[in-house]
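Q: Residue numbers (my numbering): 283 to 532.
For each residue, glycine too, the CB sits at the ideal point set by N, CA and C.
I'd like to ask you about the structure that follows.
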């Protein structure tokens, strides 16, 4: 009997040790820190980020930042666009948004929808049509921008918007950008004609995020504490909205 008890304890100890070892090994293997994946850092203090208002890129507000490489490529794209369409607006209206900024967006929309729905899951689903849960946005990565307008109506029915969108689709991939939220996806956000992602870097962030969701999703879930996080199907929603993107962006 004593031998059986010792054996059981030994197996249990070995299993716990192995689990800790695997988690530790996975953490060591991460090439992108978790706080960078979830936007829990200050991009203004990161030496790899550039203030867009210090470049030639038109912006609709000061204080927006982007990683250096996508900034350089976006400037090239902007210059080429203006050679052909000098009178059509090409303006960066959103770039890096850290967790705190995204949480502000989420909270304002949550408060506005609460009187109408009074159901956390329904509120979250309404917000998620076009806005991300804090900690899950591609805008956390310093690779994504919104261009000129955040209205599909503009890109579909405005003459200048139609020309701009056609140019973006035909030319931005030459500079490394893809459209993550395109038509034809099954699930996730509604299509966003304005949202473009610098694939060479963003695909690394996406692969890292997916690897964590597949192997140890609690690493991410335990860092999310926005309003309603504990009253919705958090893990399921995170997986759907982070991973359901245009295959061209993988």
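#1: Might you give, ordered along the chain, the residues of its own chain that have their beta carbon closer than 8 Å to the beta carbon of residue 342, omitting 5 neighbours on each side?
#2: The ligand GDP and residue 462: does any heavy atom of the ligand fall closer than 7 Å to the residue's C-beta?
#3: Rounded to the nearest angstrom, what separates residue 464 and residue 508 at their Cα positions?
#4: Give me the Cα-Cα distance between residue 439 and residue 433, rounded to the nearest whole angstrom.
#5: Does the region 475-490 come within contact of the region 399-419, defined as at least 3 CB pairs closer than 8 Å?
#6: Taking residue 421 as the reference, give the member of 356, 512 and 349 with the closest Cα.
#7: Could you compute how far the alpha carbon of residue 541 sits from the alpha carbon of residue 383?
#8: So, under 8 Å CB-CB, residue 516 and residue 471 are touching, yes? Tell me the CB distance rounded to an integer number of Å.
#9: For a test of the three-state rule: what should DSSP assign to residue 341, helix, strand or coil?
#10: What are the boundary residues of the beta strand (DSSP E) that includes residue 349?
#11: Pull up the DSSP beta-bridge partners for residue 478, would you.
#12: Specify whether the region 360-369 and the region 313-332 touch according to this definition: at least 3 beta carbon pairs, one from each stretch, less than 8 Å apart.
#13: How big is the Cα-Cα spacing for residue 234 and residue 498?
#14: Rank 391, 415, 435 and 468 by C-alpha distance to the C-alpha of residue 505 and give the top, closest one.
#15: Quick test of your reading: residue 526 and residue 467, contact by CB under 8 Å. State the CB separation rounded to the nearest angstrom.
#16: Where do the N-terminal and C-terminal ends of the alpha helix (DSSP H) with residue 436 fall, by residue?
#17: Thinking just about the alpha-carbon of each residue, which of 417, 460, 529 and 530 is nearest to the one in residue 501?
#18: Whole angstroms are fine: how far does the CA of residue 423 sit from the CA of residue 313?
A: By the coordinates alone:
#1: To locate residue 342, count along the chain shown from 1; it is residue 60. Taken in chain order, the residues that qualify are 373, 374 and 375.
#2: No copy of the ligand GDP appears in this structure; indeed no ligand is present at all.
#3: Within the chain shown, residue 464 is the residue found at index 182, counting from 1. Within the chain shown, residue 508 is the residue found at index 226, counting from 1. The straight-line gap from Cα to Cα measures roughly 27 Å.
#4: To locate residue 439, count along the chain shown from 1; it is residue 157. To locate residue 433, count along the chain shown from 1; it is residue 151. If I take the Cα positions, the gap works out to 10 Å.
#5: no
#6: As a working mapping, residue 421 is identified with position 139 in the chain shown. That would be 349, whose Cα lies nearest to the Cα of residue 421.
#7: Outside the displayed range of the chain (283 to 532) lies residue 541, so it cannot be described from this structure.
#8: The residue you call residue 516 lines up with position 234 of the chain shown. The residue you call residue 471 lines up with position 189 of the chain shown. Between residue 471 and residue 516 the Cβ distance is about 17 Å, and since that is not below 8 Å, they are no contact.
#9: Taking the first residue of the chain shown as position 1, residue 341 is located at position 59. If DSSP states are grouped into helix, strand and coil, residue 341 belongs with the strands.
#10: Taking the first residue of the chain shown as 1, we reach residue 349 at position 67. First-last of the beta strand (DSSP E) with residue 349: 347-349.
#11: Sequence index remark: in the chain shown, residue 478 carries index 196 (1-based). In DSSP, residue 478 forms a bridge with 427.
#12: no
#13: Nothing can be reported for residue 234, as the shown portion of the chain is limited to 283 through 532.
#14: By one-based count along the chain shown, residue 505 stands at place 223. Among 391, 415, 435 and 468, the Cα nearest to that of residue 505 is on 415.
#15: As a first step, residue 526 must be located in the chain shown, where it is residue number 244. As a first step, residue 467 must be located in the chain shown, where it is residue number 185. Going by Cβ atoms, the distance from residue 526 to residue 467 rounds to 5 Å, so yes, they are a contact pair.
#16: Here residue 436 refers to the residue found at position 154 when the chain shown is read from its first residue. Per DSSP, residue 436 belongs to the alpha helix (DSSP H) from 434-439.
#17: Reading the chain shown from its first residue, position 219 is the one you call residue 501. Of 417, 460, 529 and 530, the residue nearest in Cα terms is 417.
#18: Locating residue 313 in the chain shown gives position 31, counting from the first residue. Locating residue 423 in the chain shown gives position 141, counting from the first residue. If you take the alpha carbons of residue 313 and residue 423, they lie about 14 Å apart.
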